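All remarks here apply to the structure that follows.
Number of protein chains: 2
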Amino acid sequence: MHPMTRWLDDDEQRTWRNFVAATQLLYAALDRQLQRDSGMPHTYYVILVGLSEAPERRMRMSELATWAQSSQSRLSHAVSRLEERGWVRRERCPEDGRGNFAVLTDEGFTALAAAAHGHVEEVRRSLFDVLDPEQIRALDDICATVRSGLER
Amino acid sequence: MHPMTRWLDDDEQRTWRNFVAATQLLYAALDRQLQRDSGMPHTYYVILVGLSEAPERRMRMSELATWAQSSQSRLSHAVSRLEERGWVRRERCPEDGRGNFAVLTDEGFTALAAAAHGHVEEVRRSLFDVLDPEQIRALDDICATVRSGLER
DNA sequence: GCATTTTACTTGAACTCTCATATACATTGG
DNA sequence: CCAATGTATATGAGAGTTCAAGTAAAATGC
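Read top to bottom, the protein sequences are chains A and B.
All letters in the first sequence, in the order written, are residues 13 to 164 by our numbering.
All letters in the second sequence, in the order written, are residues 13 to 164 by our numbering.
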């Protein structure tokens, strides 16, 4: 069947557990900060950022899902919640009757702007402030590598 | 009020987005693999690992929560689900009437052993196989630093 | 001793995410 | 043109997580 398990040696084990611990603590801190100060999870924040950077602050659902590394279903649910808050609105796509645009409203833009400061500070506090420039370069390199390995 | 936002510069922005993309893709891959092959999310796997390494395969709930970086509530719910599957059992603590032990059952140990191969392979495929030894050392270092920054 | 506070853990509701399925429009091949 | 297939998105149920209470036992203080 499958080959013998290539178990992690002690160093790898330690690295892996440090990785899991660090990333989970980091996301927990981010989510807590965003939820507390802006009432949204990190995934919603990412969606708003995507829209805010898109031309006319609008994007097709599927394009936005790809951008935000989200499943289409997750994005659809999330946009529904964001619509309820008046931060995003859906618009039917004229060229393609199946398609929908997600459009960032002015209220959504305002909410994002209000959330950004605290979020960025948290990212700094949790990550950039504790690493030296060399480590930050290395991290960028590592993440780019892992990312391209997983993106197909 | 609060000081001016120290925005991320272009390099930091890129690093941060690579980090988010890489970690999210990685956890998505892990969770998909574990769910598909073993019917459990990564958080449950971690709980079982913790118990399997504890003396007599048992740990106090709060100790286990700390070990697994979980809230007590999350752990309590998770242990309830794991109990339903017969993988874990609760036992009242004799010395402290408030306390509970979570005990890994033989079925739980078997389930963990069955899950381990595929999980480790996925960790290798997604992370260790794509990085060179230098990068792995750097990652360990970075994660340990971030971790201790966030653990208080 | 007994009231107060703290600790250990559980519970329920609200919310998010996943997975399977459904819907509606578009495209393709004869 | 129309049946078959593919694409874009939505929806509903089930599962996990969070947050705010709730319970029960231990420790503390006077």
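Quick reminder that beta carbons are idealized off the backbone N, C-alpha and C, glycines included.
The structure displayed is predicted, hence computed values, not measured ones.
Interface flag for PHE140 (chain B) against chain A is set, since a Cβ pair is found closer than 8 angstroms. Around the CB of MET16 (chain B), fewer than 16 other CB atoms lie within 10 Å, so the residue is classed as exposed. DSSP places LEU139 (chain A) outside both helix and strand once states are collapsed to three, so it counts as coil. In the DSSP assignment, the residues bridged to ALA114 (chain A) are A:MET71 and A:ARG102.
Of all C-beta pairs linking the stretch 88-104 of chain B to the stretch 36-45 of chain B, fewer than three are shorter than 8 angstroms, placing the two stretches out of contact. For PHE121 (chain A), not one C-beta of chain B is nearer than 8 angstroms to its own C-beta.
Here the stretch 147-159 of chain B makes no contact with the stretch 116-130 of chain B; the two share fewer than three CB pairs at distances below 8 angstroms.
Taking all protein chains shown into account, GLY62 (chain B) has 16 or more neighbouring C-beta atoms within 10 Å of its C-beta and is therefore buried. In terms of beta-carbon proximity, LEU38 (chain A) lines the interface with chain B, with at least one pair separated by less than 8 angstroms.
Three or more Cβ pairs drawn from the stretch 73-92 of chain A and the stretch 45-63 of chain A lie within less than 8 angstroms of each other, which places the two stretches in contact. Contacts with chain B (Cβ-Cβ distance below 7 angstroms) from the stretch 23-52 of chain A involve GLU24, ARG26, THR27, TRP28, ASN30, PHE31, ALA33, ALA34, THR35, GLN36, LEU37, LEU38 and ALA41, listed in chain order. At a cut-off of 8 angstroms between beta-carbon atoms, ARG86 (chain B) makes no contact with chain A. Against chain A, a Cβ distance below 9 angstroms from LEU20 (chain B) picks out VAL132, VAL135, ARG136 and PHE140. Across the structure, HIS54 (chain A) and ARG110 (chain B) are spaced so that their CA atoms are roughly 35 angstroms apart. For GLN36 (chain B), the uninterrupted alpha helix (DSSP H) segment begins and ends at 22-50.
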